[in-house]
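Colleague: Numbering-wise, the sequence shown is residues 2 to 334 according to our numbering.
The C-beta atom is built at its ideal place from N, Cα and C for all residues, glycine as well.
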Amino acid sequence: MQRVFSGIQPSGIPTLGNYLGAIRNWVPMQNGDASLFCVVDQHAITVWQDPKELARQTREMAAALIACGLDPERCILFVQSHVPAHARLAWIFNCVARIGWLNRMTQFKDKAGKDREGASVGLYVYPNLMAADIHTYHATQVPVGDDQKQHLELANDIAQKFNHDYGVEFFPTIEPLIQGVAARVMSLRDGSKKMSKSDPSDQSRINLTDDADTVALKIRRAKTDPEPLPSETRGLEARPEARNLVGILAAITDSTADAVLSEHGGKGFGAFKEVLAEALVAKLSPIQAEMKRLLDDPATVDAALRRGAGKAAGIADPIVRRAEELVGFLPAR
Ligand code: AQP
Numbered sequence: 002m003q004r005v006f007s008g009i010q011p012s013g014i015p016t017l018g019n020y021l022g023a024i025r026n027w028v029p030m031q032n033g034d035a036s037l038f039c040v041v042d043q044h045a046i047t048v049w050q051d052p053k054e055l056a057r058q059t060r061e062m063a064a065a066l067i068a069c070g071l072d073p074e075r076c077i078l079f080v081q082s083h084v085p086a087h088a089r090l091a092w093i094f095n096c097v098a099r100i101g102w103l104n105r106m107t108q109f110k111d112k113a114g115k116d117r118e119g120a121s122v123g124l125y126v127y128p129n130l131m132a133a134d135i136h137t138y139h140a141t142q143v144p145v146g147d148d149q150k151q152h153l154e155l156a157n158d159i160a161q162k163f164n165h166d167y168g169v170e171f172f173p174t175i176e177p178l179i180q181g182v183a184a185r186v187m188s189l190r191d192g193s194k195k196m197s198k199s200d201p202s203d204q205s206r207i208n209l210t211d212d213a214d215t216v217a218l219k220i221r222r223a224k225t226d227p228e229p230l231p232s233e234t235r236g237l238e239a240r241p242e243a244r245n246l247v248g249i250l251a252a253i254t255d256s257t258a259d260a261v262l263s264e265h266g267g268k269g270f271g272a273f274k275e276v277l278a279e280a281l282v283a284k285l286s287p288i289q290a291e292m293k294r295l296l297d298d299p300a301t302v303d304a305a306l307r308r309g310a311g312k313a314a315g316i317a318d319p320i321v322r323r324a325e326e327l328v329g330f331l332p333a334r
């Protein structure tokens with residue numbers, strides 16, 4: 002049986018990048034207990050999170066996922082810290098992964114920036130916890146945005162080394178599922194940086210909760226160049242901001258960059274941005290209404306997450322216990 006796993010950090014309001022690169026691809030993958038989607042709060046604290054905000058954002062993220070189409074009755078939706086198996090396996094993986102492997106991870110370099118010595122150890126070993134999230138369920142299909150590809154390759158290296166060291170075929174190979182024209186949505190202020198929920202500039206991203214006026218303003222202010230849109234995708238080379246906006250419209254309207262350009266090629270950005278803002282508002286409004294309805298009843302969201310954690314632990318515990326046995330840990334009971 003193929004099992005799907007993916008996660009998202011409650012490190013802010015989910016962005017259009019999270020939605021197009023990940024969340025909306027999860028919806029058609031729901032397949033009962035063979036599909037697990039996780040709000041990864043343990044990953045979020047690898048950089049500082051205000052405790053009250055983290056709790057609020059964790060519930061808000063769960064509500065956003067449900068509002069985007071994840072149904073807790075059709076998949077397992079839960080919070081990472083509610084299932085201790087993730088952290089147990091992560092510790093084993095900390096001892097399997099090599100420092101040289103982690104030194105190559107570009108996300109650590111991006112997030113730690115110049116202050117590498119001041120970054121948390123958690124941020125450094127983040128990919129080991131991510132590998133554990135997936136292997137805790139023997140998941141093989143992992144739908145993520147393009148930015149996570151390197152971490153999934155590392156998760157496969159860790160699994161292979163574990164299997165080799167302990168002489169078993171225990172952890173399967175993971176297949177990254179990186180989908181669509183918007184696998185990497187870029188910042189609205191800088192076409193060379195990905196859109197991120199923790200970017201200090203709110204103007205760099207569309208939050209799923211932005212109202213119509215905010216969306217229109219952010220798109221109007223989005224960085225572009227003075228040339229009109231080209232009629233073919235070839236003309237987007239070396240124009241990262243234009244390419245990003247075209248990619249977003251294509252993704253949000255279930256179209257392609259070619260089709261968008263054959264309709265809008267030759268137009269200036271003023272007119273194009275109006276079309277884009279309108280399409281975004283049409284997509285986001287129903288999601289926002291549903292999120293509001295869910296957050297007006299937090300007890301129901303929390304109860305769904307608790308049920309999800311119970312089901313997730315039912316799958317995870319025997320797998321992680323077996324990994325612990327293979328390592329040589331004495332049973333606790
Ligand atoms: N800009 C993006 N374009 C496409 N996909 C993206 N994802 C994130 N940003 C983009 C995908 O969203 C999923 C959840 O990501 P995450 O929250 O676990 O961590 P992240 O990749 O670090 O996302 P952010 O928004 O940049 O969060 P912060 O700011 O907290 O670091 C993943 O599948 C990711 O690929």
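Counting along the chain, where does the alpha helix (DSSP H) carrying Phe-94 start and finish?
Modeller: 86-97
Colleague: Say yes only if the C-beta of Val-276 is nearer than 6 Å to one or more non-hydrogen atoms of the ligand ADP, and no if none qualify.
Modeller: What this structure holds is the ligand AQP, not the ligand ADP.
Colleague: Does any heavy atom of the ligand AQP sit closer than 6 Å to the C-beta of Arg-244?
Modeller: No; taking the cut-off as 6 Å, the Cβ of Arg-244 has no heavy atom of the ligand AQP nearer than that.
Colleague: Using only the heavy atoms of the ligand AQP, determine whether one of them is closer than 6 Å to the beta carbon of Ile-46.
Modeller: no
Colleague: Using CA coordinates, which residue listed in Glu-242, Ala-217, Thr-234, Gly-236 is at the minimum distance from Lys-224?
Modeller: Glu-242
Colleague: On the DSSP bridge list, what partners appear for Leu-37?
Modeller: Phe-6, Ile-77
Colleague: Decide if Phe-273 is buried, meaning its Cβ has at least 16 other Cβ atoms within 10 Å, or exposed.
Modeller: buried
Colleague: Sort Gly-22, Pro-11, Ser-12 by Cα distance to Ala-252 and report the nearest one.
Modeller: Gly-22
Colleague: Tell me whether Ser-82, by its Cβ, gets closer than 6 Å to a heavy atom of the ligand AQP.
Modeller: no
Colleague: With a cut-off of 8 Å on the beta carbons, I'd call Gly-8 and Lys-195 a contact; round off their distance for me.
Modeller: Gly-8 to Lys-195, Cβ: 17 Å. No contact.
Colleague: By the DSSP assignment, the alpha helix (DSSP H) with Gln-325 in it spans what residues?
Modeller: The sequence shown places Glu at residue 325, not Gln. 299-328 is the extent of the alpha helix (DSSP H) around Glu-325.
Colleague: Counting along the chain, where does the beta strand (DSSP E) carrying Ser-178 start and finish?
Modeller: Reading off the sequence, residue 178 comes out as Leu, not Ser. Per DSSP, Leu-178 belongs to the beta strand (DSSP E) from 176-178.
Colleague: For the ligand AQP, I want to know if Gly-63 counts as a neighbour, meaning its beta carbon is within less than 6 Å of at least one of the ligand's heavy atoms.
Modeller: Here residue 63 turns out to be Ala, not Gly, going by the sequence shown. Because no heavy atom of the ligand AQP lies under 6 Å away, the Cβ of Ala-63 does not count as near it: no.
Colleague: How about Asn-19: is its Cβ closer than 6 Å to a heavy atom in the ligand AQP?
Modeller: yes
Colleague: Just list the residues that DSSP pairs Thr-16 with in beta bridges.
Modeller: Asn-208
Colleague: Could you have a look at Gln-151 and say whether DSSP puts it in helix, strand or coil?
Modeller: helix
Colleague: Between which two residues does the alpha helix (DSSP H) containing Pro-128 stretch?
Modeller: 122-136
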